[in-house]
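J.: Position 128, counted from 1, in the sequence shown is what this note's numbering calls 136; the numbers after and before it change by one each time, with no gaps.
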Amino acid sequence: MKIAFNYSGNYSNLLTSELKQKIKRIHHGIHSKSGVGSDYLGWVDWPSSLHHEWLKELKDIAKEIREKSNVLVVIGIGGSYLGSKAILEALSKNFQSFNKLEVIFAGHLVSGSYLQQLMKYLDSKEVTINVISKSGTTTEPAIASRFLIQYMEKRYGEQAASRIIVTTDEKKGALRTLAIEKGYKRLTVPENIGGRYSVFTAVGLLPIAAAGYDIDELLFGAKMAQKELQGTDVENNPAIQYAIIRKNLYDAGYPVEILTSFDDKLKYVQEWWKQLFAESEGKDGKGIFPTSALYSTDLHSLGQYIQDGQRMLFETFLLIEKVDEDLTIFESEQNEDELNYLSGLTLHEFNQVCYEATSIAHLQGGVPQITITIHQLDERHLGHLLYFFMMACAYSAYLLDINPFDQPGVEEYKTNIFKFLKKPGFC
Ligand code: PA5
C-alpha cells in the first residue's frame, strides 16, 4: 500500500546536497528520538509497538460500552477530539448517524444551547461518557464535563461511575484526580505523545472501536506507513517529498496551503490535518497557513479566489481512487435538461473529470499543485494516510527549524482565560 504522490513542479532539482544532509539529520533526530521536542516522539513507533493484551482490553471496554449504551458522548477538544471525529466521519454513511453505536462530541465548543439540547436528546438514550484531556485542565472540555457528569449522576445515581471513562495523563492533572476520587475507569495518554499525534492511542481508538469500526485495520494501515516511511531515501519516501516541496513553495512566496477534496467524507480529515500542521508549524513568526476546501461546493465560492486572487497559495488535492457506491447518469427520452451528453458517466467519473479540469485551470492560474491519492476510504487506508501526514508534518516543521511538538501560542490564550476568570494561582 503506497500513497500516490505527485507534484506539478520539478522536485528533483530541489535536492541539493545541503538539503540531503539536513534531511539525514532530521531523520536521525526523529528515529533516534533525539530531535528538538524529542520528549514527544512516542508516536513514531507507536503503531508497531502496541501489545495484543492492551488492544484486547481496549476492545473489551468498547464492547461493554456498546452492550449497555446506544450513545457515547466524547468530551474533548483539539487533538483530544479531531482524530476520532475524522475517522468516524470518513467511515460513516450519510443520513445514518452511526454504525453500531452513536458517538456525539462535546467540549470542543462552549455553548449552553448545545449542551442543553444534547442532555435533552440523551434523555431517551442509554449513555456512556468518555472524557478526554491529556493535560486534564483544558477549560472547555472541563466545563462540558461538569454538566454532563452531573447529568449522569442524576440519571444513573450510583451506577453513573460505571458509565464514565476518563482518558488522561497517567501521573497528573485535575481530571486524573477526579477519576480516582470517583472511581471512573481510566485510560492513559502516553506521556511522550502530544494531542494532535494521539489518534492511534486510546484517545482516538476507544471512540472508533466503540462505534464498531475495525481498529486492527486502522493500526495495520498506520504500521504499514511506519514501515514505508522509515528510510531516508527521498525517492521512496513521500512524507519527505511532501515536506521538501512544502518548504520550497513556502520559500518561493506561497505561505498558504489549501487541502482540497471532492469527497465530503474527508471534511474532518481536512480539519484534523489543519490542526496538525497549524499547531506543529505555526511558530516563531514562521509556518505555512493550512486551510481547506471541499469541491464542488467550494469551487462555487473559494474557487474564484484560488483561480484569480492574490498569488500566495498552493493546492494539495486529496483524492480517493475507488468508491464503494456510485450512480451512472442515465439517458433521458426528452432530454429537457440537455444532460444526455453525460449519459453513461458515473458520478465518480464526473468528479475525476472535475479534478482534471480544476487542476489544469488552477495550474494555469499560477497555483502550484500536489496530489495525494489513497486507494479507498476504509480503516486501513485512513490509518496509513494519517500516519503519513504526521511523519510529513514532523519533517516539514524541522525543515523550518521549528519544534513540531509544542504549542506555546495555544497555551497563551488558555492562560489568559485563567487570568481573566481569576483561577486560583493565575491572578
Ligand atoms: O495537540 C495538542 O496538544 C492540543 O491540540 C491539545 O490536544 C488540545 O489543546 C487539548 O488539550 P488537552 O488534551 O490537554 O485537553
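We put the beta carbon where it would ideally sit given N, CA and C, even for glycine.
Could you give the uninterrupted runs of the alpha helix (DSSP H) lying entirely in the region 14 to 72, keeping only those of 4 residues or more?
T.: 25 to 39
J.: If you follow the beta strand (DSSP E) that residue 418 is part of, which residue opens it and which one closes it?
T.: Locating residue 418 in the sequence shown gives position 410, where the first residue counts as 1. Counted as a single uninterrupted DSSP element, the stretch harbouring residue 418 is not any beta strand (DSSP E) but the alpha helix (DSSP H) occupying residues 416 to 428.
J.: Which residue from 217, 181, 258, 207 puts its Cα closest to that of residue 91?
T.: For the purposes of this step, residue 91 is taken as the residue at position 83 of the sequence shown. Looking at the Cα atoms, 207 is the closest of the given residues.
J.: Which residue marks the beginning of the beta strand (DSSP E) containing residue 358, and which one marks its end?
T.: By 1-based counting over the sequence shown, the position of residue 358 is 350. From DSSP, residue 358 is part of no beta strand (DSSP E) but of the alpha helix (DSSP H) over 355 to 372.
J.: Among 180, 98, 93, 322, which has the Cα closest to the Cα of residue 331?
T.: Along the sequence shown, read from residue 1 onward, the residue named residue 331 stands at position 323. Measuring from the Cα of residue 331, the nearest candidate turns out to be 98.
J.: Let me check you understand the geometry: is the CB of residue 404 closer than 7 Å to at least one non-hydrogen atom of ligand 1?
T.: Against the sequence shown, residue 404 aligns to sequence position 396. Not so, every heavy atom of ligand 1 lies at least 7 Å from the Cβ.
J.: Could you tell me whether the region 363 to 376 touches the region 312 to 328, using the rule of 3 or more Cβ pairs below 8 Å?
T.: With a cut-off of 8 Å on Cβ pairs, the region 363 to 376 is in contact with the region 312 to 328, counting three or more such pairs.
J.: Could you tell me whether any non-hydrogen atom of ligand 1 is closer than 7 Å to the CB of residue 287?
T.: As a first step, residue 287 must be located in the sequence shown, where it is residue number 279. Checking every heavy atom of ligand 1 against the Cβ of residue 287, one is found closer than 7 Å.
J.: Kindly indicate which three-state DSSP category residue 341 falls into: helix, strand or coil?
T.: Locating residue 341 in the sequence shown gives position 333, counting from the first residue. Correct three-state label for residue 341: coil.
J.: Would you mind reading off the limits of the alpha helix (DSSP H) that contains residue 384?
T.: Taking the sequence shown and counting its residues from 1, one reaches residue 384 at position 376. No alpha helix (DSSP H) holds residue 384; the beta strand (DSSP E) holding it covers 377 to 384.
J.: Hey, how far is the Cα of residue 349 from the Cα of residue 335?
T.: By 1-based counting over the sequence shown, the position of residue 349 is 341. By 1-based counting over the sequence shown, the position of residue 335 is 327. Rounded to the nearest angstrom, the two C-alpha atoms are 16 Å apart.
J.: Using a Cβ-based criterion (distance less than 7 Å to any ligand heavy atom), does residue 142 qualify as near ligand 1?
T.: Along the sequence shown, one-based indexing puts residue 142 at 134. The answer is yes for residue 142.
J.: Return helix, strand or coil for residue 140, following the three-state DSSP convention.
T.: If you number the sequence shown from 1, residue 140 lands on position 132. The answer is strand: DSSP assigns residue 140 an E or B state.
J.: Quick one: what does DSSP say residue 207 is sitting in, helix, strand or coil?
T.: Along the sequence shown, read from residue 1 onward, the residue named residue 207 stands at position 199. In this structure, residue 207 counts as coil in the three-state DSSP scheme.
J.: Do residue 211 and residue 183 have their CB atoms nearer than 8 Å?
T.: By one-based count along the sequence shown, residue 211 stands at place 203. By one-based count along the sequence shown, residue 183 stands at place 175. Going by C-beta atoms, residue 211 is not nearer than 8 Å to residue 183.
J.: With a threshold of 7 Å (Cβ to nearest heavy atom), would residue 146 be considered close to ligand 1?
T.: By 1-based counting over the sequence shown, the position of residue 146 is 138. Checking every heavy atom of ligand 1 against the Cβ of residue 146, one is found closer than 7 Å.
J.: Under 8 Å by Cβ, that's how I've got residue 226 and residue 58 pegged, so tell me the actual separation to the nearest angstrom.
T.: Numbered from its first residue, the sequence shown carries residue 226 at position 218. Numbered from its first residue, the sequence shown carries residue 58 at position 50. Incorrect: roughly 11 Å between the Cβ atoms, too far for contact.
J.: Going by the C-beta, is residue 417 closer than 7 Å to any heavy atom of ligand 1?
T.: Numbered from 1 along the sequence shown, position 409 holds the residue referred to as residue 417. Answer for residue 417: no, Cβ out of range of ligand 1.
J.: Given 7 Å as the limit, tell me if residue 204 has its C-beta closer than that to any heavy atom belonging to ligand 1.
T.: Along the sequence shown, read from residue 1 onward, the residue named residue 204 stands at position 196. Yes, the beta carbon of residue 204 sits closer than 7 Å to at least one heavy atom of ligand 1.
J.: Does the region 147 to 165 come into contact with the region 104 to 124, if we say contact requires no fewer than three beta-carbon pairs (one atom in each stretch) closer than 8 Å?
T.: yes
J.: Tell me the rounded alpha-carbon separation between residue 45 and residue 37.
T.: For the purposes of this step, residue 45 is taken as the residue at position 37 of the sequence shown. For the purposes of this step, residue 37 is taken as the residue at position 29 of the sequence shown. Cα to Cα, the separation comes out at about 10 Å.
J.: List the DSSP bridge partners of residue 321.
T.: For this step, residue 321 is matched to residue 313 along the sequence shown. Its beta-bridge partners are 264.
J.: Going along the chain, which residues of its own chain have a beta-carbon closer than 6 Å to the beta-carbon of residue 291, five neighbours each way excluded?
T.: Within the sequence shown, residue 291 is the residue found at index 283, counting from 1. 410, listed in sequence order.
J.: Under the rule that 16 or more other beta-carbon atoms within 10 Å means buried, what is residue 60, buried or exposed?
T.: Your numbering for residue 60 matches position 52 in the sequence shown. By the neighbour-count rule (16 or more Cβ atoms within 10 Å), residue 60 is not buried but exposed.
J.: Given the structure, does residue 412 come close to ligand 1, in the sense that its CB is under 7 Å from one of the ligand's heavy atoms?
T.: The residue given as residue 412 occupies position 404 in the sequence shown. No, since every heavy atom of ligand 1 falls outside the 7 Å radius drawn around the Cβ of residue 412.
J.: Report all residues from its chain with a CB closer than 7 Å to the CB of residue 16; omit the five preceding and five following residues, and keep chain order.
T.: As a position in the sequence shown, residue 16 is number 8, starting the count at 1. 371, 376, 377.
J.: Relative to the C-alpha of residue 264, which residue among 174, 254, 407 is closest?
T.: Working through the sequence shown from its first residue, we reach residue 264 at position 256. Of the candidates 174, 254, 407, the one whose C-alpha sits nearest the C-alpha of residue 264 is 254.
J.: Residue 381: which of 398, 342, 328, 317 sits nearest, CA to CA?
T.: By one-based count along the sequence shown, residue 381 stands at place 373. Nearest option by C-alpha distance: 328.
J.: Counting along the chain, where does the beta strand (DSSP E) carrying residue 193 start and finish?
T.: Stepping through the sequence shown from its first residue, residue 193 is reached at position 185. Run containing residue 193: 193 to 197, per the beta strand (DSSP E) assignment.
J.: Would you mind giving the Cβ-Cβ distance between residue 73 and residue 136, rounded to the nearest angstrom? I have them listed as a contact below 8 Å.
T.: What you label residue 73 is simply residue 65 of the sequence shown in a count that begins at 1. What you label residue 136 is simply residue 128 of the sequence shown in a count that begins at 1. Indeed they touch by this definition, with Cβ atoms about 5 Å apart.
J.: Please state whether DSSP places residue 300 in a helix, a strand or coil.
T.: Translated into positions along the sequence shown, residue 300 becomes position 292. Reduced to three states, the DSSP call for residue 300 is strand.
J.: Is any non-hydrogen atom of ligand 1 found closer than 7 Å to the C-beta of residue 216, if you look at the structure I gave you?
T.: Indexing the sequence shown from 1 puts residue 216 at position 208. Residue 216 Cβ: outside cutoff for every heavy atom of ligand 1.
J.: To the nearest angstrom, how far is the alpha carbon of residue 361 from that of residue 142?
T.: As a first step, residue 361 is located in the sequence shown; it is residue number 353 there, counting from the start. As a first step, residue 142 is located in the sequence shown; it is residue number 134 there, counting from the start. So the two alpha carbons sit approximately 44 Å from each other.
J.: Under DSSP, the alpha helix (DSSP H) around residue 402 begins and ends at which residues?
T.: Numbered from 1 along the sequence shown, position 394 holds the residue referred to as residue 402. It spans 387 to 407 - the alpha helix (DSSP H) in which residue 402 sits, taken as one unbroken run.
J.: State the DSSP-derived secondary structure class of residue 109, mapped to helix, strand or coil.
T.: For the purposes of this step, residue 109 is taken as residue 101 along the sequence shown, with counting starting at 1. Here residue 109 sits in coil by DSSP.
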